[in-house]
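K.L.:
Protein chains: 4
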Amino acid sequence: MTLSVAVSGASGYAGGEILRLLADHPDVEIRTVTAHSSAGQRLLAHQPHLRSLAHLELQPTTPEVLAGHDIVFLALPHGQSAQYTDALADTALVIDAGADHRLTSAEDWAAFYGGAHAEPWAYGVPELPTAGGKQRDNLRGARRIAAPGCNASTVALSLAPGVAAGVIDPGDIVSVLAVGPSGAGKAAKTNLLASEILGTANPYAVGGTHRHIPEIRQALAAAGAPGDGIRISFTPVLVPMARGILATSTAPIVGDATDAEIRAAWVEAYADEPFVELLPEGVFPRVADVLGANVASIGVAVDRAANRVTVVAAVDNLVKGTAGAAVQSMNIALGLAETTALPLNGVAP
Amino acid sequence: MTLSVAVSGASGYAGGEILRLLADHPDVEIRTVTAHSSAGQRLLAHQPHLRSLAHLELQPTTPEVLAGHDIVFLALPHGQSAQYTDALADTALVIDAGADHRLTSAEDWAAFYGGAHAEPWAYGVPELPTAGGKQRDNLRGARRIAAPGCNASTVALSLAPGVAAGVIDPGDIVSVLAVGPSGAGKAAKTNLLASEILGTANPYAVGGTHRHIPEIRQALAAAGAPGDGIRISFTPVLVPMARGILATSTAPIVGDATDAEIRAAWVEAYADEPFVELLPEGVFPRVADVLGANVASIGVAVDRAANRVTVVAAVDNLVKGTAGAAVQSMNIALGLAETTALPLNGVAP
Amino acid sequence: MTLSVAVSGASGYAGGEILRLLADHPDVEIRTVTAHSSAGQRLLAHQPHLRSLAHLELQPTTPEVLAGHDIVFLALPHGQSAQYTDALADTALVIDAGADHRLTSAEDWAAFYGGAHAEPWAYGVPELPTAGGKQRDNLRGARRIAAPGCNASTVALSLAPGVAAGVIDPGDIVSVLAVGPSGAGKAAKTNLLASEILGTANPYAVGGTHRHIPEIRQALAAAGAPGDGIRISFTPVLVPMARGILATSTAPIVGDATDAEIRAAWVEAYADEPFVELLPEGVFPRVADVLGANVASIGVAVDRAANRVTVVAAVDNLVKGTAGAAVQSMNIALGLAETTALPLNGVAP
Amino acid sequence: MTLSVAVSGASGYAGGEILRLLADHPDVEIRTVTAHSSAGQRLLAHQPHLRSLAHLELQPTTPEVLAGHDIVFLALPHGQSAQYTDALADTALVIDAGADHRLTSAEDWAAFYGGAHAEPWAYGVPELPTAGGKQRDNLRGARRIAAPGCNASTVALSLAPGVAAGVIDPGDIVSVLAVGPSGAGKAAKTNLLASEILGTANPYAVGGTHRHIPEIRQALAAAGAPGDGIRISFTPVLVPMARGILATSTAPIVGDATDAEIRAAWVEAYADEPFVELLPEGVFPRVADVLGANVASIGVAVDRAANRVTVVAAVDNLVKGTAGAAVQSMNIALGLAETTALPLNGVAP
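Residue numbers (full-length UniProt numbering), protein chains in the order written: chain Z, 1 to 349; chain V, 1 to 349; chain A, 1 to 349; chain X, 1 to 349.
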């Protein structure tokens, strides 16, 4: 059976990537694509690389247009999701690529986003360990899914195995991320101009203000960390690559954990995961290795001199960081093969 | 009086940048430039941007050619400096842009470089606090100077004020650096090809193996940290910008240090420094802000949620990180005005 | 039936891209991958993005290893193909991604390459018009195929329709191409270092020396241009993008050709082509639109003030320019569906 | 005597570069910097690399603020200059970095810009040959100067010597330019976002619509081409470098001009020019060679197979293309040494 799909925000980067993946999905039909100011134009005018969808025209993003599909993807700025909730009450599956339904804590929402706190939905990072299993368990049969923040899921995937196994201390995490500008979306802003980003590296949200911090805390708490004992120093740095995240995360080694015990935590957590790649000892990932692929590639080092475990993770922010996570979660929710339409190979160089 | 200068390694990036700066220096005459395989060719064939030096031809890098100048700059791979020592015994000032004379600890040298440990020279980062003052004191009248490692001096400048003031704990430092490939030199290596670096971020020396780690420890020890109590998790990441370092360094806040006390440490350390720029609270530097300039630009954040101070520093690895540090140290050693021929303004965008 | 495949040069960029495409091809099994200095290592060590081929190990590139497969791809530097000819005599299909078998003229070979001139093979650009039809006709059932030069096929596809229709004059063509460094391969060369390519645009082979010039002439002659009446000013410019070609080609308008007649030449030539995209009037392609896709995207402008037709074409040099052309030609030669395993959609941004 | 200067558009790229150069000019004092929406803020907030001007605050761009200086630079979008004309009637020297005063032909203005055609001013490309000498002659003592369009001056400098000497035919010029996005200014536009420019090459104004075309025609006519016999096919391509133009221009060889005659045209035109660098035969410039420098670097090839001369020129669009041209013209107009405050050396890599 073919399921009908609507994708909002289809003229943007996240929406475009959802479409790129769904275009090859045998079980869905992309029936509707929507946008705001570009409604009425051909999709191809905004996504000229999506030739197989050349027949589609952008509709306005309204509750009426989105209603009536089996699956709806919301790729909208945060805060916009709520206005479509009622109209989509009967929709079998709604996946929000925005932040609205990620946080369980109203307090965190108020502190980092502000405005009304919406209901938390199943968190779309299937591979993350939880107390009783994995986040995948919450996605099976789910009708409402929150795709993750790209930086948050990258850091959470980096550290959760060690936290769950009790070999690293979540109380003093430091994460620094090299990120590409596509994660900031397609809206015209001076600080995202090519002239401002070519040839330079630009930090932002320094000092603990980035909105993905509470999302990381929440994911690590779900993995077994004491909720009030998680501290994260988090600094993202914009670098001149269109896509990608290279996250370097470190946490103190707990007590007398051996190298073997430390490595085993990651090996066991991801042994059967199709889309989390744990690299051999001494090998670390590059963004180039995951571009276009639905893969988080992870290398783990034990640095005894620093008494820290250093985890380097590479993710394509638009695929495993957003659209791939959304489609993977969709597959799980609907009982389809989890890997359907999700590329394992990247495009390099 | 005009001083005669020889620059070895003149066909490379560090050598070229030393020449770019010296070309505008009123007190020196660049008499000799040397190289290995390119000896006999015009300098302009290798440094086409250095038009004011079009008259120069590359000589072979031999003790005989380098001898007989007032000042000699060695911009050579580490381990090559020793063979010129005897021939330069009478040279008034020798500045080594390589690593040979940076480390005081033979043990560190053996562990991170290997081979014979050479005599440590005055360390060319004038602004760094020391027990009794600043590294500048050691440079006045010095006849032998070790220009710093670019990553090392960037991190040392970031953290030394807080260490010296006792407001941050050097026992659990984490530094992650976005660095451009010019720091790795001009030798042809597959991993430095444009195709391997464009569109990606690539970590290297992960897990505590980078050679600049002992240099940072040494600089922080000089600034007052207990020598055996310094621990650094250090991860460099190559990103697609030709030049520049954007270093994010964090360290735990000590005890009950207040925000004002913390900020005061950096304000006082750098108040009178012409080439270290402490940005206003809430402002952080970009690599673009320092390209071409002999400036370390630093922003300091106090992150109470993480209980860490986060320092972001931007440096042009070829200027303040190498050639500018060398020329600034030369100015100090010779009693010239310290700022001579050193650009304060950058070239942006 | 599954056909066995060997790919030589598998550690390089062209070989890697052939593998990326074949990995998704339902009719072939990649049985053997070969390399020179890297033989004995895992493929993944050189192509970490090709996870689905993680089981493969690089064999040495020898006649013995390559023999015994149904299909062999040679992704080797020019001049190396001949040594495998005898061993592959019984191989059903050999596709050379190098230049050895592209040129029909021994004189051109001598002038632009030198060394022994090998037998010309069927030219792997199916869409190019020829006197009686298209190059596709020569590929059907072919046992030996020369994949095209990436720059050559891009320019030939840009201009052949106008030449074949007699609306542009091949006697005064000017082509200038912005090209990414991956076309120059993975061998370590100083001029291909990231530091030499980031932030700059570098011309090469200026003044009519590029080896793809005779290949363009040959393709246009096949499309109907008088062989001795073709003149091409051809200038490639390296720019800081890993992949891609953006070719701007112009030729004089012939006589009183109308705008409609001119446009009709391209419309008719490419109306039924799955992998040549003729953009609407006033729209021109970007490299971003074709990255990862087996598509030549073409925009045509009639510039009456200059009395020239300007054609802008975007091609991913590694896909439609090389590996995609090879696989598309393979599909045709074997009677498979021409579009099998060839992406129509690109990966953007 | 120190001359007082006001720079409008000081928060933008052209204004910033004028300031970078003037900051080192011994004969001027930058008294006033102005902007529109940013008035009231510190200059440093918008130009953090201009540390030596840290004391300046942006004033509003009004006639009153700009009046009363010896020299005024207008770095404003075209069409805005006229409103300041009256207020600046007594200003000794006004230099417009915008397009308003470049074109002598009202017809061209109407066709390519539209709106009221303003009085043409002395054209700020001193090195360009004219019937009786050089454009420099018109700049001596000038009170009103139009700084050139960056693309226009690059192409004009490339071809004017050959046109003036009668060795190339201006009737069939083809120019294709790789250009960096800073030439398009700092206004936030979607097509200038880093995500749209990284990893790609994007053509624009294809087919003869670019506004610099009539400016090139005018400059070549001044160099001696028959005004109605100049035809230019002109295509700019945005590539991922912040600054720079790499222009490839070709024109047919006239009659039986010999290689020596052709080369002599450029040699003679630029023999004594400090800021136009004619490279040796067989050598061609890269953008990297001119970054930060007030230099047009030019290589000339005679392509007999194509019957064309190919000229490759590299220019930093913000320096020799705009701000450097403006300051150089200022120096000439005021009778100062022409090279004052203008860098000959670039910043590379």
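Each residue gets a CB set at the ideal place from its N, CA and C atoms; glycine is no exception.
Label residue 308 of chain V either buried or exposed according to how many other C-beta atoms from any shown protein chain fall within 10 Å of its C-beta, with 16 as the threshold for buried.
P.N.:
If you number the second sequence from 1, residue 308 of chain V lands on position 308. Flag for residue 308 of chain V reads buried.
K.L.:
Which chain V residues are close to residue 27 of chain X, counting only those with a beta carbon under 8 Å from its beta carbon?
P.N.:
Translated into the one-based positions of the fourth sequence, residue 27 of chain X becomes position 27. Within chain V, no residue comes near residue 27 of chain X; the closest Cβ sits about 18 Å away, beyond 8 Å.
K.L.:
Within the continuous beta strand (DSSP E) that includes residue 133 of chain Z, where are the two ends?
P.N.:
Looking up residue 133 of chain Z in the first sequence gives position 133. Run containing residue 133 of chain Z: none; DSSP gives neither H nor E here.
K.L.:
Taking residue 312 of chain A and residue 246 of chain A to be in contact with their CB atoms under 8 Å, please state how far apart those CB atoms are, rounded to whole angstroms.
P.N.:
Translated into the one-based positions of the third sequence, residue 312 of chain A becomes position 312. Translated into the one-based positions of the third sequence, residue 246 of chain A becomes position 246. The beta-carbon separation of residue 312 of chain A and residue 246 of chain A, rounded to 7 Å, stays under the 8 Å limit for a contact.
K.L.:
Run through chain Z and tell me which residues come within less than 7 Å of residue 189 of chain X, C-beta to C-beta.
P.N.:
Stepping through the fourth sequence from its first residue, residue 189 of chain X is reached at position 189. Result: 188.
K.L.:
Cutting at 7 Å between CB atoms, please list the residues of its own chain near residue 332 of chain X, excluding the five before and the five after it.
P.N.:
If you number the fourth sequence from 1, residue 332 of chain X lands on position 332. Cβ within range, chain order: 126, 136, 139, 140, 338.
K.L.:
Anything in the stretch 256-271 of chain A with a Cβ closer than 9 Å to a Cβ of chain V? List those residues in chain order, please.
P.N.:
none
K.L.:
For residue 240 of chain A and chain V, any beta-carbon pair shorter than 7 Å?
P.N.:
Numbered from 1 along the third sequence, position 240 holds the residue referred to as residue 240 of chain A. Yes, contact with chain V.
K.L.:
Assess, as a yes-or-no matter, whether the stretch 178-189 of chain A is touched by the stretch 314-324 of chain A under the definition of 3 or more beta carbon pairs within less than 8 Å.
P.N.:
yes
K.L.:
What span of residues does the beta strand (DSSP E) with residue 297 of chain X cover, start to end?
P.N.:
On the fourth sequence, residue 297 of chain X is found 297 positions in, with the first residue counted as 1. Where residue 297 of chain X is concerned, the enclosing beta strand (DSSP E) stretches over 296-303.
K.L.:
Determine which residues share a DSSP beta bridge with residue 123 of chain A and list them.
P.N.:
Along the third sequence, read from residue 1 onward, the residue named residue 123 of chain A stands at position 123. BP columns for residue 123 of chain A point to A:146.
K.L.:
First and last residue of the alpha helix (DSSP H) that includes residue 112 of chain V?
P.N.:
One-based indexing of the second sequence puts residue 112 of chain V at position 112. Start and end: 106-112.
K.L.:
For the alpha helix (DSSP H) containing residue 89 of chain Z, list its first residue and its last residue.
P.N.:
Within the first sequence, residue 89 of chain Z is the residue found at index 89, counting from 1. It is not in any alpha helix (DSSP H) - residue 89 of chain Z carries neither H nor E in the DSSP assignment.
K.L.:
Is DSSP giving residue 317 of chain A helix, strand or coil here?
P.N.:
For the purposes of this step, residue 317 of chain A is identified with residue 317 of the third sequence, where counting begins at 1. Three-state DSSP puts residue 317 of chain A in coil, outside helix and strand.
K.L.:
Kindly give me the distance between the Cβ atoms of residue 81 of chain A and residue 118 of chain A, rounded to whole angstroms, as I take these residues to be in contact under 8 Å.
P.N.:
The sequence position of residue 81 of chain A within the third sequence is 81, counting from 1. The sequence position of residue 118 of chain A within the third sequence is 118, counting from 1. Under the criterion of beta carbons closer than 8 Å, residue 81 of chain A and residue 118 of chain A qualify as touching, at roughly 7 Å.
K.L.:
Is there a C-beta anywhere in chain V that falls below 7 Å from the one on residue 278 of chain Z?
P.N.:
Reading the first sequence from its first residue, position 278 is the one you call residue 278 of chain Z. No, no contact with chain V.
K.L.:
Mapping DSSP to helix, strand and coil, what is residue 167 of chain Z?
P.N.:
For the purposes of this step, residue 167 of chain Z is taken as the residue at position 167 of the first sequence. Note: residue 167 of chain Z maps to coil in three-state DSSP.
K.L.:
Along chain C, which residues have their Cβ under 7 Å away from the Cβ of residue 208 of chain X?
P.N.:
Among the chains of the structure shown, chain C does not appear; the protein chains present are Z, V, A and X.
K.L.:
Quick one: what's got a C-beta closer than 6 Å to residue 87 of chain A's C-beta in the same chain, skipping five residues either side?
P.N.:
Position 87 of the third sequence, counted from the start, is the residue given in the question as residue 87 of chain A. The beta carbon of residue 87 of chain A sits closer than 6 Å to the beta carbons of 63, 67 from its chain, once the five residues preceding and following it are set aside; these are given in chain order.
K.L.:
For the ligand NAD, is there any heavy atom lying closer than 6 Å to the beta carbon of residue 125 of chain Z?
P.N.:
What this structure holds is no ligand at all, so the ligand NAD is not there to describe.
K.L.:
Between residue 310 of chain A and residue 258 of chain A, is the Cβ-Cβ spacing less than 7 Å?
P.N.:
By one-based count along the third sequence, residue 310 of chain A stands at place 310. By one-based count along the third sequence, residue 258 of chain A stands at place 258. It is not a contact, given that the beta carbons lie outside the stated cut-off.
K.L.:
Does residue 50 of chain Z come out as helix, strand or coil in the three-state DSSP assignment?
P.N.:
Indexing the first sequence from 1 puts residue 50 of chain Z at position 50. If DSSP states are grouped into helix, strand and coil, residue 50 of chain Z belongs with coil.
K.L.:
Along chain Z, in chain order, which residues have C-beta atoms closer than 8 Å to that of residue 182 of chain A?
P.N.:
Position 182 of the third sequence holds residue 182 of chain A. Within chain Z, the residues near residue 182 of chain A are 349.
K.L.:
Taking C-beta to C-beta, are residue 231 of chain A and residue 169 of chain A nearer than 7 Å?
P.N.:
Start at 1 with the first residue of the third sequence, and residue 231 of chain A comes out as number 231. Start at 1 with the first residue of the third sequence, and residue 169 of chain A comes out as number 169. Not a contact, by the Cβ cut-off of 7 Å.
K.L.:
What residue range is occupied by the uninterrupted beta strand (DSSP E) comprising residue 63 of chain Z?
P.N.:
Reading the first sequence from its first residue, position 63 is the one you call residue 63 of chain Z. Residue 63 of chain Z -> not in any beta strand (DSSP E); alpha helix (DSSP H) instead, spanning 63-66.
K.L.:
What residues of chain X sit near residue 76 of chain Z, judged by a beta carbon separation below 7 Å?
P.N.:
Your numbering for residue 76 of chain Z matches position 76 in the first sequence. Neighbours of residue 76 of chain Z on chain X: none; closest Cβ ~17 Å, over 7 Å.
K.L.:
With a 10 Å radius around its C-beta and 16 neighbouring C-beta atoms as the bar for buried, classify residue 33 of chain V as buried or exposed.
P.N.:
Within the second sequence, the letter at position 33 stands for residue 33 of chain V. Buried, by the Cβ-count rule.
K.L.:
On the DSSP bridge list, what partners appear for residue 233 of chain A?
P.N.:
Along the third sequence, one-based indexing puts residue 233 of chain A at 233. Answer is A:174.
K.L.:
Which residues, taken in chain order from the UniProt domain "Semialdehyde dehydrogenase NAD-binding" (4-136) of chain Z, show a beta carbon closer than 7 Å to some beta carbon of chain A?
P.N.:
Answer in chain order: 13, 20, 23, 48, 49, 50, 51, 52.
K.L.:
So that I know if they touch, is there some Cβ in chain Z lying closer than 7 Å to that of residue 194 of chain X?
P.N.:
Locating residue 194 of chain X in the fourth sequence gives position 194, where the first residue counts as 1. It does: the Cβ of residue 194 of chain X has a partner Cβ on chain Z nearer than 7 Å.
K.L.:
From residue 275 of chain V to residue 49 of chain X, what does the alpha carbon distance come to, in whole angstroms?
P.N.:
In the second sequence, counting from the first residue as 1, residue 275 of chain V sits at position 275. In the fourth sequence, counting from the first residue as 1, residue 49 of chain X sits at position 49. About 12 Å.
K.L.:
Provide the residue(s) that pair with residue 251 of chain X in DSSP beta bridges, ordered along the chain.
P.N.:
Counted from its first residue, the fourth sequence places residue 251 of chain X at position 251. Residue 251 of chain X is bridged to X:309.
K.L.:
Between A:179, A:165, A:219, A:197, which has its C-alpha nearest residue 262 of chain A's C-alpha?
P.N.:
Within the third sequence, the letter at position 262 stands for residue 262 of chain A. Comparing Cα-Cα distances from residue 262 of chain A to each of A:179, A:165, A:219, A:197, the minimum goes to A:165.
K.L.:
Name the one or two DSSP bridge partners that residue 30 of chain A has.
P.N.:
Residue mapping note: residue 30 of chain A aligns to position 30 of the third sequence, counting from 1. Its beta-bridge partners are A:5.
K.L.:
Does the Cβ-Cβ distance between residue 176 of chain V and residue 209 of chain Z come in under 7 Å?
P.N.:
Mapped onto the second sequence, residue 176 of chain V falls at position 176. Mapped onto the first sequence, residue 209 of chain Z falls at position 209. No, these two residues do not count as a Cβ contact at 7 Å.
K.L.:
In three-state terms, what does DSSP make of residue 203 of chain A?
P.N.:
The residue given as residue 203 of chain A occupies position 203 in the third sequence. Residue 203 of chain A falls in the strand class under three-state DSSP.
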